Ligand code: SF4
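Residue numbers (this note's numbering): 8 to 308.
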């Protein structure tokens with residue numbers, strides 16, 4: 008049996024950067040707070056907690072003083088920085104540079120149009136309640152409209168300007184469909200008003216991170232080449248759920264597991280009958296965890 012770990016799986020640059028910052032801080036001080044899980048992978052969080060990282064929530068942030076607080080790659084709304092400053096906490100900003108730039112673009116657009124008579128709509132194609140989306144909405148004083156699926160485009164007001172952005176991890180195809188729907192709706196509105204000069208502004212920015220978007224095709228190809236696929240991911244990670252779905256589609260013999268301890272008898276038996284076993288994971292899956300799964304599979308053989 009040949010066991011292969013997918014070279015495209017594992018942390019993206021943004022998550023790697025935030026973890027490096029945490030490790031550097033912990034090396035120097037042995038203690039660091041992180042606002043929310045640094046990565047949606049319980050095993051990696053536990054590893055860092057053993058080094059001194061303590062995960063806190065927003066209520067904790069309001070009560071701690073003179074501490075060092077890491078912000079994870081997803082980014083935060085301006086209110087988080089404000090709360091931290093109130094209590095003399097030092098922010099260690101692990102926001103991914105790509106997310107940071109997106110936040111700035113949204114803030115620039117919001118500030119440029121917030122007093123417009125036409126009442127422009129800033130729209131974010133993203134998952135409601137996701138940390139990154141909360142950070143993006145915060146750039147607009149929480150006035151941005153969040154749309155999860157292209158079909159939700161119907162909820163927009165097509166008589167008003169629309170500025171559309173995307174959460175970095177949404178699907179490129181979904182974004183394309185959303186743009187098409189909005190374009191069509193605006194066109195219909197303009198025709199209905201029957202005013203040749205009427206032109207409703209619609210600007211859209213594909214701000215999807217290709218570090219993740221490109222993974223789908225790479226992962227599908229990897230999965231299709233294996234007899235059995237073991238997908239390693241955190242149960243809380245939405246990225247893991249989506250990528251697992253793609254793997255399963257490319258190869259029905261795909262199993263989901265959080266780590267080596269989840270290797271069931273059924274998985275072991277299926278692997279034993281296979282020539283090629285592929286190990287892959289989400290953007291939040293550490294390489295060391297995939298290696299542990301690979302070692303266990305080899306040990307069972
Ligand atoms: S997916 Fe892209 S934008 Fe999001 S944290 Fe990773 S590198 Fe940054």
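We put the beta carbon where it would ideally sit given N, CA and C, even for glycine.
Since this is a predicted model, take the numbers as computed values, not measurements.
Original post:
Smallest Cα separation from residue 269: which of 240, 21 and 79?
Top reply: In the chain shown, residue 269 corresponds to position 262, counting from 1. Comparing Cα-Cα distances from residue 269 to each of 240, 21 and 79, the minimum goes to 240.
Original post:
Over what stretch of residues does the beta strand (DSSP E) that includes residue 153 continue unbroken?
Top reply: By 1-based counting over the chain shown, the position of residue 153 is 146. Per DSSP, residue 153 belongs to the beta strand (DSSP E) from 152-154.
Original post:
With contact counted as at least three CB pairs below 8 Å, one residue from each stretch, are the segment 59-67 and the segment 108-119 in contact?
Top reply: no
Subject >> Cβ neighbours of residue 283 in the same chain (closer than 6 Å, five flanking residues each side left out) >> reply: The residue given as residue 283 occupies position 276 in the chain shown. So the qualifying residues of the chain are 9, 233 and 234.
Subject >> Alpha carbon of residue 98 to alpha carbon of residue 168, nearest angstrom >> reply: As a working note, residue 98 is residue 91 in the chain shown. As a working note, residue 168 is residue 161 in the chain shown. Spanning the two alpha carbons is a distance of roughly 36 Å.
Original post:
Assuming residue 291 contacts residue 247 under a Cβ cut-off of 8 Å, what Cβ separation, rounded to an integer in Å, is found between them?
Top reply: Within the chain shown, numbered from 1, the residue matching residue 291 stands at position 284. Within the chain shown, numbered from 1, the residue matching residue 247 stands at position 240. Going by Cβ atoms, the distance from residue 291 to residue 247 rounds to 6 Å, so yes, they are a contact pair.
Original post:
Does DSSP put residue 251 in a helix, a strand or coil?
Top reply: By 1-based counting over the chain shown, the position of residue 251 is 244. Helix, per DSSP.
**OP:** Spatial neighbours of residue 152 within its chain, please: CB distance less than 8 Å, with the 5 preceding and 5 following residues excluded, ordered by chain position.
**Re:** In the chain shown, residue 152 corresponds to position 145, counting from 1. Here the set comprises 128, 129, 130, 131, 162 and 163.
Original post:
What separation, rounded to the nearest whole angstrom, lies between the Cα atoms of residue 265 and residue 26?
Top reply: Taking the chain shown and counting its residues from 1, the one referred to as residue 265 is at position 258. Taking the chain shown and counting its residues from 1, the one referred to as residue 26 is at position 19. The alpha-carbon atoms of residue 265 and residue 26 are separated by roughly 19 Å.
**OP:** With hydrogens ignored, establish whether the beta-carbon of residue 175 is closer than 8 Å to any heavy atom of the ligand SF4.
**Re:** On the chain shown, position 168 is the one that residue 175 refers to. Checking the Cβ of residue 175 against the ligand SF4 gives yes.
**OP:** Report the residue from 94, 187 and 149 whose alpha carbon sits nearest the alpha carbon of residue 159.
**Re:** Within the chain shown, residue 159 is the residue found at index 152, counting from 1. Ranking the options by Cα distance to residue 159, first place goes to 187.
**OP:** Please report the Cβ distance between residue 87 and residue 143, rounded to the nearest whole angstrom; I am assuming they are in contact, meaning their Cβ atoms lie under 8 Å.
**Re:** Working through the chain shown from its first residue, we reach residue 87 at position 80. Working through the chain shown from its first residue, we reach residue 143 at position 136. Contact doesn't hold; Cβ gap of about 13 Å is too wide.
Subject >> Separation of residue 219 from residue 182, as counted between CA atoms >> reply: Here residue 182 is taken as the residue at index 175 of the chain shown, counted from 1. Here residue 219 is taken as the residue at index 212 of the chain shown, counted from 1. Using only the alpha carbons, I get a separation of about 14 Å.
Subject >> Residues of its chain near residue 139, where Cβ-Cβ distance is below 8 Å and the 5 sequence neighbours each way are ignored >> reply: Looking up residue 139 in the chain shown gives position 132. Excluding positions up to five away in sequence, the list reads 81, 82, 106, 133, 174, 175 and 176.
Subject >> Residue interval of the alpha helix (DSSP H) (run including residue 229) >> reply: Here residue 229 is taken as the residue at index 222 of the chain shown, counted from 1. That run of the alpha helix (DSSP H) goes 217-231.
**OP:** With a 10 Å radius around its C-beta and 16 neighbouring C-beta atoms as the bar for buried, classify residue 29 as buried or exposed.
**Re:** Indexing the chain shown from 1 puts residue 29 at position 22. Under this definition residue 29 is a buried residue.
Original post:
Where does residue 37 land, buried or exposed, given buried means 16+ other C-beta within 10 angstroms?
Top reply: One-based indexing of the chain shown puts residue 37 at position 30. Residue 37 should be labelled exposed.
Original post:
What residues in its chain sit with their C-beta under 7 Å from that of residue 147, if we drop five residues either side in the sequence?
Top reply: For the purposes of this step, residue 147 is taken as the residue at position 140 of the chain shown. Excluding sequence neighbours, residue 147 sits near 113, 117 and 129.
Original post:
Measuring CA to CA, which of 54, 185, 179 and 197 is closest to residue 170?
Top reply: Translated into positions along the chain shown, residue 170 becomes position 163. Of the listed residues, the one whose Cα sits closest to residue 170 is 185.
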